[in-house]
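Asks:
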Amino acid sequence: MMSIYRTMDIFFIKMDIQLEMGFASPPGGAQALDLNDHESSDLPVTGVVTRYPAGHVVPEHSHRRGHLLYAAEGVLLIEAATGRWLVPSTAAVWLRPGIPHRLVIPVPVEVHGIFIHEDSAKHLPAEDSVLHVSTLLRELIGALTSLDLKSTHSKREKLLGELFMEELGLQRPLPFHLPWPSDAQIQRVCDMLVSDPAHPAMADDWAATLAMSTKTFHRRFQKSTGLTFGRWRQQMRLMSSMTLLLEGAPITQVALNSGYESHSAYAVAFKKHFGLPPSEFFVSVHRPGS
């Protein structure tokens, strides 16, 4: 057990350094986008598209308008105070106006950002969430991101926005949300687990490292996340495994790297949470808009 505690101590030191320095995009990453035209446009719905390299981080920021984030391929990780979402190309993340968030890019990805005026956003979900992206919605997202905001707005542009809002309102929510704790000590545990989904430490180990009883650890964890430690860790492992699946790794390797003892145990848990086995998930992601 000493090796586990030592690993956690080293990680906590690194995390303290990162928090003091803040987050920044890596060298050679994409430049910050100028979104003033989108924030001030008289169109209720506008869009922008940009491509990010693997490992890129868009530092924490917020928008006055509601924000829908969609990756045409690969996966996209969105981190906010209200949770974390790791989503494939069949889904998009909806964030209410003013929600601080940052983007982490695990694989090269083209990100479409849709901005929705505050008045229109009132009719959308009252909680940040992940929504399914239908074939029609995917095409509308593409059309909205190609608009020229500096030209005179046509009837077509306004109708595109209206149809987008209608189609978006029909999309079903998906279970890609990972609630993020507000408790600073519990945050450190979650950061460690996200960085190493197969980490062997159990609740007793984390409690000892944080100098609290196991009962207190469980109580604080559930109070801060809304989930038990075991359920949160399983949900995190399943969400994290999606990146490996998209990279084409064998399912057995994905299972072991995600903390599962076997292919079958992982496949059962994956299907129970997402509604389809890992092999079918890989196929669905490579058939966007299905």
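First residue of the sequence shown? That's 123 in my numbering, and the numbers climb one at a time after it. Heads up, the beta-carbon is just placed ideally off N, CA and C, and yes, glycines get one too.
1) Quick check on A194: buried or exposed, where buried means 16 or more other Cβ atoms within 10 Å of its Cβ?
2) What residues are listed by DSSP as bridge partners for L225?
3) Would you grab the beta carbon distance between H185 and P219 for me? Rounded to a whole angstrom, and I think it's under 8 angstroms.
4) Is it buried or exposed, R294, if we count other Cβ atoms within 10 angstroms and call 16 or more buried?
5) Exposed or buried, what is Q153 when buried is set at 16 or more other beta-carbons lying within 10 Å of its beta-carbon?
6) Counting beta carbon pairs with one atom in the stretch 345-363 and one in the stretch 306-321, are three or more of them shorter than 8 angstroms?
7) Report the CB separation of I200 from V215 in whole angstroms; it is logged as a contact under 8 angstroms.
8) Is it buried or exposed for T212, if we count other Cβ within 10 angstroms and need 16 for buried?
9) Runs of 4 residues minimum, wholly inside the stretch 207-282: which ones carry the alpha helix (DSSP H) assignment?
10) For V167, which of P230, D270, T257, Q357 has the nearest alpha-carbon?
11) Can you tell me whether DSSP reads R173 as helix, strand or coil?
12) Determine the extent of the alpha helix (DSSP H) in which H395 is found, giving its start and end residues.
13) Just grab the DSSP bridge partners of G205 for me.
14) Helix, strand or coil for C312, going by three-state DSSP, please let me know.
15) Helix, strand or coil for I132, going by three-state DSSP, please let me know.
16) So T267 and H245 are supposed to be a Cβ contact under 8 angstroms. How far apart are they, rounded?
17) Could you check the C-alpha separation between C312 and L165 for me, to the nearest Å?
Replies: In terms of the structure at hand:
1) Start at 1 with the first residue of the sequence shown, and residue 194 comes out as number 72. Answer is buried; the Cβ neighbour count reaches 16.
2) Counting from 1 along the sequence shown, the entry for residue 225 is found at position 103. Per DSSP, V180, I200.
3) One-based indexing of the sequence shown puts residue 185 at position 63. One-based indexing of the sequence shown puts residue 219 at position 97. About 7 angstroms; that satisfies the 8 angstroms criterion.
4) Residue numbering aside, residue 294 sits at position 172 when the sequence shown is read from its first letter. R294 should be labelled exposed.
5) Taking the first residue of the sequence shown as 1, we reach residue 153 at position 31. Unreliable placement is indicated for Q153, whose pLDDT of 47 sits below 50; the coordinate value is still reported in the next sentence. Classification of Q153: exposed, given that the 10 Å Cβ count is below 16.
6) Verdict: yes, contact present.
7) Sequence index remark: in the sequence shown, residue 200 carries index 78 (1-based). Sequence index remark: in the sequence shown, residue 215 carries index 93 (1-based). I200 to V215, Cβ: 5 angstroms. Contact.
8) For the purposes of this step, residue 212 is taken as residue 90 along the sequence shown, with counting starting at 1. That one is buried.
9) 240-243, 257-266
10) For the purposes of this step, residue 167 is identified with residue 45 of the sequence shown, where counting begins at 1. Per the Cα distances, D270.
11) In the sequence shown, the residue the question calls residue 173 occupies position 51. Of the three classes helix, strand and coil, the one that applies to R173 here is strand, per DSSP.
12) Stepping through the sequence shown from its first residue, residue 395 is reached at position 273. Run containing H395: 385-396, per the alpha helix (DSSP H) assignment.
13) Numbered from its first residue, the sequence shown carries residue 205 at position 83. G205 is bridged to A202.
14) Against the sequence shown, residue 312 aligns to sequence position 190. Helix.
15) Residue numbering aside, residue 132 sits at position 10 when the sequence shown is read from its first letter. Reliability of the predicted coordinates at I132 is poor, the pLDDT of 39 falling under 50, and the value obtained from them is presented with this limitation in mind. The answer is helix: DSSP assigns I132 an H, G or I state.
16) Residue mapping note: residue 267 aligns to position 145 of the sequence shown, counting from 1. Residue mapping note: residue 245 aligns to position 123 of the sequence shown, counting from 1. About 22 angstroms separates the two Cβ atoms, so there is no contact after all.
17) One-based indexing of the sequence shown puts residue 312 at position 190. One-based indexing of the sequence shown puts residue 165 at position 43. The straight-line gap from Cα to Cα measures roughly 40 angstroms.
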